[in-house]
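A.B. asks: Here it is: the structure, laid out below.
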Amino acid sequence: MLDEQEPPRLDPIQPSLRDALVDRRFFTWLMLTSAMCFLYLSMRPQPEPEVPPPAAQQVAPNADPLLRPGGAGADSDANTSNTQAQAEIDASADPGQLQSPAPNDFPSQAITLGSMDPRKGYNLQVTLTTRGAGIEHAELVGQKQPGKFRFRALEHEGGYLGFLGLVPQINGLRVRTVPDGTPAALATCPDVAGGLQVDDVLTELNSVPIDSLSNLDTTLARTKPGQSANLVVERSINGHTQTLKFSTTLSEAPLNVLRTRVRASERIAGNEARPSLRTTLGSIEGTRIPPGGAVLPALQASLESDWAVESLEVAGGQGVQFRMPLDGLLQGTGRPEKLDLVKRYRLYPQSDDQDGYLLDVETIIVNRNDTDVAVSFRQEGLVGLTLEGWWYSVKISPFMFSGAGQRDAIYRTEQDGHLLVTTRQILDHARNNEAQPDRILFSENEPAAARHVSYMGLDSQYFNASILAHPDQPEALTNLRRAGTTAVALPAQVLKAQAHATNTSFW
60 MLDEQEPPRL
70 DPIQPSLRDA
80 LVDRRFFTWL
90 MLTSAMCFLY
100 LSMRPQPEPE
110 VPPPAAQQVA
120 PNADPLLRPG
130 GAGADSDANT
140 SNTQAQAEID
150 ASADPGQLQS
160 PAPNDFPSQA
170 ITLGSMDPRK
180 GYNLQVTLTT
190 RGAGIEHAEL
200 VGQKQPGKFR
210 FRALEHEGGY
220 LGFLGLVPQI
230 NGLRVRTVPD
240 GTPAALATCP
250 DVAGGLQVDD
260 VLTELNSVPI
270 DSLSNLDTTL
280 ARTKPGQSAN
290 LVVERSINGH
300 TQTLKFSTTL
310 SEAPLNVLRT
320 RVRASERIAG
330 NEARPSLRTT
340 LGSIEGTRIP
350 PGGAVLPALQ
360 ASLESDWAVE
370 SLEVAGGQGV
380 QFRMPLDGLL
390 QGTGRPEKLD
400 LVKRYRLYPQ
410 SDDQDGYLLD
420 VETIIVNRND
430 TDVAVSFRQE
440 GLVGLTLEGW
450 WYSVKISPFM
460 FSGAGQRDAI
470 YRTEQDGHLL
480 VTTRQILDHA
490 RNNEAQPDRI
500 LFSENEPAAA
510 RHVSYMGLDS
520 QYFNASILAH
530 PDQPEALTNL
540 RRAGTTAVAL
550 PAQVLKAQAH
560 ATNTSFW
């Protein structure tokens, strides 16, 4: 995604960012029609360019607590000063009036928006993670007829339970989310009502002990869609662990377009996994992220820790709100401390004015200080884009080798039109520039037209995941400060023959 747009001052509750994911079709020279996934983005209002900080604020990294990991309070009680319990959040309330819970103390959760139930009309199902308030998994669940997905995972011929965000435990796999309409949600047990639940531990599938993710994959590979399956789970009921036996009917596997866990065929040495769309402050009171960095060191937790989960009512759709209070992270840095990062995700089913692939993400910076604060934010883009047969397809495009390929970065500026940076170029730059591995696409010393973006994204064989200005705010991506691409990998470990399957992203 795109780097900071910086207002000269930030008043309380300034909305900043909106994203959405949408499908569109195109023709290739080998295939008929397919689909491309897009993430819409909008920012409001449009800020003025950032004024460089006075010389007095340009402090050497070793002298500025904001540029030290953990800030000034890393070895003190600063990070535990906010100990009040999290209040119930009314989604319609003014975010600036909400009290902040303590940072870094929130439970790890996975929340899924959308549904595999064809009656509900969703074409997209997205699992979000509290870690960095990002996207963990996104799959295309639109059906051409009941039980038949419009887009299937070609390498997954076995049955499917649904994306459950499974985590290995000593006794099995712990369930972190149970998406609506999935075989796991529809499973039945004579002893309890409803299907699987969050925190259930899956221990057996069709009498096969399940002790690892790979073991589950192997067991499911021996099944077929439409086949009945027997599940054994352990569930805590009234403080006691009980063993429950469920039965369900397995489904086809829909195509997942974003994922943090790859299948064996996409496992590339050196590639790393992380959620999409992580957000942090790009600067505060004139102090910016150091060159080559992805975060102000004192705010590392904003990318890597769990955010608070809050309810969000969405008329005609589903939503969730995440909140990261920065008080404890900023305490002792000499900057205003009472700031919150808030992210709101909304997903809508297909309708007369929605195509069902729209994911709307709104980012808000909340100022709870008594004075204005100058800030900007840094927004990461998509990551973990599906490859779908990377080993036999380097480029498939009507424009042959001049078109986008697997995980190439594509973007369009007002000045230069459509531009492309290949996955190999992103990887080579990271290999040759260890101190500053990100390849900068544009920066603030360039003309405004070069920093006016129509879209930015990644491309795979059949699908594209991009950020675009929201149709309601076509001017949203103007006057950006910087943007760049990054290799989400350990460059030295990526084999030459697998370079074009490097995991990439952008900001």
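The sequence shown begins at 60 in the working numbering and counts up by one.
Using N, Cα and C, we set each Cβ at its ideal position, and we do this for glycine too.
#1: Rounding to the nearest angstrom, what Cα-Cα distance links Y99 and A509 in this structure?
#2: Taking its Cβ as the centre, do 16 or more other Cβ atoms sit within 10 Å of S310, making it buried, or is it exposed?
#3: Taking the alpha-carbon of A494 as reference, which of G351, E214 and R178 has the nearest alpha-carbon?
#4: Report the start-end ranges of each alpha helix (DSSP H) in the segment 484-555 that is 4 residues or longer and not cut off at the edges.
#5: I need the straight-line Cα distance from A122 to V425, nearest angstrom please.
#6: Could you compute how far the alpha carbon of Q409 sits from the alpha carbon of S502?
#7: Quick one: Cα of E369 to Cα of N330, how far?
#8: Determine the DSSP secondary structure at H559, reduced to helix, strand or coil.
#9: Since E363 is in the alpha helix (DSSP H), which residue starts that stretch and which ends it?
#10: Within a Cβ cutoff of 6 Å, which residues of the same chain sit near P496, ignoring the five residues on either side of it in sequence?
#11: With a threshold of 6 Å on Cβ separation, who are the neighbours of S174 within its own chain once the five nearest residues in sequence on each side are excluded?
#12: Residue range of the alpha helix (DSSP H) that G387 falls in?
#13: Could you have a look at A197 and say whether DSSP puts it in helix, strand or coil?
#14: Let me know the beta strand (DSSP E) ranges lying completely inside the segment 361-435, each 3 residues or longer, listed in chain order.
#15: Within this structure, are the beta carbons of E195 and T189 separated by less than 7 Å?
#16: If you compare alpha carbons, which of T338, A374 and G375 is closest to D399?
#17: Using C-beta distances below 7 Å, list every residue in its chain close to G191, excluding the 5 sequence neighbours before and after it, in chain order.
#18: Under the assumption that L279 contacts R211 (Cβ atoms under 8 Å), give the Cβ distance between them as a whole number of angstroms.
#19: Using the rule of at least 16 other Cβ atoms within 10 Å of the residue's Cβ for burial, across every protein chain shown, is H477 buried or exposed?
#20: Taking 8 Å as the cut-off, does the segment 260-273 touch the segment 286-295 (at least 3 CB pairs, one atom from each stretch)?
#21: Is K203 helix, strand or coil by DSSP?
#22: Using a Cβ-Cβ cut-off of 7 Å (strictly less than) and excluding sequence neighbours within five positions of V267, which residues of its own chain qualify?
#23: Considering just the uninterrupted stretch of the beta strand (DSSP E) at P227, what are its terminal residues?
#24: Can you have a look at H559 and say buried or exposed, based on whether 16 or more other CB atoms are within 10 angstroms of its CB?
#25: Go to L272, then tell me how far its alpha helix (DSSP H) extends in each direction, as first and last residue.
#26: Does the separation of the CB atoms of M524 and L417 fall below 7 Å?
#27: Can you tell me whether DSSP reads A144 as helix, strand or coil?
#28: Hey, could you find the ends of the beta strand (DSSP E) A468 is sitting in?
#29: What three-state label does DSSP hand W566 in the structure shown?
#30: To the nearest angstrom, how far is the alpha carbon of L245 from that of E344?
#31: For S273, does the count of other Cβ atoms within 10 angstroms reach 16, so buried, or fall short, so exposed?
#32: Any beta carbon from chain B within less than 7 Å of N182's own beta carbon?
#33: For G298, count neighbouring Cβ atoms within 10 angstroms of its own Cβ and tell me buried if that reaches 16, exposed if not.
#34: Tell me which residue opens and which closes the beta strand (DSSP E) that L314 is part of.
#35: How is the beta strand (DSSP E) around L340 delimited, first residue to last?
#36: Check for me: the alpha helix (DSSP H) holding L245 runs from which residue to which?
C.D. replies: To lay it out plainly:
#1: Locating residue 99 in the sequence shown gives position 40, where the first residue counts as 1. Locating residue 509 in the sequence shown gives position 450, where the first residue counts as 1. Here the model assigns Y99 a pLDDT of 40, short of 50, so the residue's position is not dependable, and the following value carries that caveat. Per the coordinates, the alpha-carbon of Y99 lies some 20 Å from the alpha-carbon of A509.
#2: Translated into the one-based positions of the sequence shown, residue 310 becomes position 251. Looking at its Cβ environment, which holds 16 or more other Cβ atoms inside 10 Å, S310 is buried.
#3: Reading the sequence shown from its first residue, position 435 is the one you call residue 494. Measuring from the Cα of A494, the nearest candidate turns out to be G351.
#4: Taken in chain order, the complete alpha helix (DSSP H) segments of 4 or more residues contained in the segment 484-555 number zero; there are none.
#5: Here residue 122 refers to the residue found at position 63 when the sequence shown is read from its first residue. Here residue 425 refers to the residue found at position 366 when the sequence shown is read from its first residue. So the alpha carbons of these two residues sit roughly 28 Å apart.
#6: The sequence position of residue 409 within the sequence shown is 350, counting from 1. The sequence position of residue 502 within the sequence shown is 443, counting from 1. When rounded, the distance between both Cα atoms is 38 Å.
#7: Sequence index remark: in the sequence shown, residue 369 carries index 310 (1-based). Sequence index remark: in the sequence shown, residue 330 carries index 271 (1-based). Going from the Cα of E369 to the Cα of N330 covers about 32 Å.
#8: Reading the sequence shown from its first residue, position 500 is the one you call residue 559. Helix.
#9: For the purposes of this step, residue 363 is taken as the residue at position 304 of the sequence shown. Membership of E363 in the alpha helix (DSSP H) is indicated by the continuous run A360 to E363.
#10: Start at 1 with the first residue of the sequence shown, and residue 496 comes out as number 437. Here the set comprises A489.
#11: Position 115 of the sequence shown, counted from the first residue, corresponds to residue 174. If we look at S174 and ignore the five residues flanking it on each side, its Cβ neighbours are Y181, D239 and G240.
#12: Within the sequence shown, residue 387 is the residue found at index 328, counting from 1. Going by DSSP, G387 is part of the alpha helix (DSSP H) stretching over D386 to L389.
#13: Taking the first residue of the sequence shown as position 1, residue 197 is located at position 138. In this structure, DSSP gives A197 an extended state, which the three-state scheme calls strand.
#14: For the segment 361-435, the full-length beta strand (DSSP E) segments reaching 3 residues or more read 367-369, 377-384, 398-406 and 418-426 along the chain.
#15: As a first step, residue 195 must be located in the sequence shown, where it is residue number 136. As a first step, residue 189 must be located in the sequence shown, where it is residue number 130. In this structure, T189 does not lie closer than 7 Å to E195 by Cβ.
#16: Mapped onto the sequence shown, residue 399 falls at position 340. Residue T338 is the option with its Cα nearest to D399.
#17: The count along the sequence shown starts at 1 and reaches residue 191 at position 132. Answer for G191: P334, R337, L362 and E363, listed in chain order.
#18: Residue 279 sits at position 220 when you count from the first residue of the sequence shown. Residue 211 sits at position 152 when you count from the first residue of the sequence shown. 15 Å between Cβ atoms; not a contact.
#19: Your numbering for residue 477 matches position 418 in the sequence shown. Per the 10 Å Cβ criterion, exposed.
#20: Using a C-beta cut-off of 8 Å, the segment 286-295 makes contact with the segment 260-273, since at least three inter-stretch Cβ pairs fall below that distance.
#21: Looking up residue 203 in the sequence shown gives position 144. Under the three-state reduction of DSSP, K203 is assigned to strand.
#22: Looking up residue 267 in the sequence shown gives position 208. Taken in chain order, the residues that qualify are T278.
#23: Taking the first residue of the sequence shown as 1, we reach residue 227 at position 168. From DSSP, the beta strand (DSSP E) with P227 extends over V226 to Q228.
#24: Position 500 of the sequence shown, counted from the first residue, corresponds to residue 559. H559 comes out buried.
#25: Counting from 1 along the sequence shown, the entry for residue 272 is found at position 213. Residue range L272 to A280 is occupied by the alpha helix (DSSP H) that includes L272.
#26: Numbered from its first residue, the sequence shown carries residue 524 at position 465. Numbered from its first residue, the sequence shown carries residue 417 at position 358. First, the residue type needs correcting, since residue 524 is Ala and not Met in the sequence shown. L417 is positioned such that its CB atom lies no closer than 7 Å to that of A524.
#27: Within the sequence shown, numbered from 1, the residue matching residue 144 stands at position 85. Residue placement at A144 is flagged as unreliable, the pLDDT there being 30, under the threshold of 50; the coordinate-derived value follows with that caveat. Three-state DSSP puts A144 in coil, outside helix and strand.
#28: Here residue 468 refers to the residue found at position 409 of the sequence shown. Here the beta strand (DSSP E) through A468 covers D467 to T472.
#29: Position 507 of the sequence shown, counted from the start, is the residue given in the question as residue 566. Looking at W566 - three-state DSSP - the assignment turns out to be coil, as it is neither helix nor strand.
#30: Against the sequence shown, residue 245 aligns to sequence position 186. Against the sequence shown, residue 344 aligns to sequence position 285. Their backbone Cα atoms lie some 51 Å apart in a straight line.
#31: Reading the sequence shown from its first residue, position 214 is the one you call residue 273. Burial is judged here by how many other beta carbons sit within 10 angstroms of a residue's own beta carbon; S273 has fewer than 16 and is exposed.
#32: In the displayed structure, chain B is absent; only one protein chain is listed.
#33: Position 239 of the sequence shown, counted from the start, is the residue given in the question as residue 298. The residue is exposed, with fewer than 16 neighbouring Cβ atoms inside 10 Å.
#34: One-based indexing of the sequence shown puts residue 314 at position 255. According to the DSSP assignment, L314 belongs to the beta strand (DSSP E) that extends over L314 to R318.
#35: Numbered from its first residue, the sequence shown carries residue 340 at position 281. Residue range T338 to I343 is occupied by the beta strand (DSSP E) that includes L340.
#36: Your numbering for residue 245 matches position 186 in the sequence shown. First-last of the alpha helix (DSSP H) with L245: P242 to L245.
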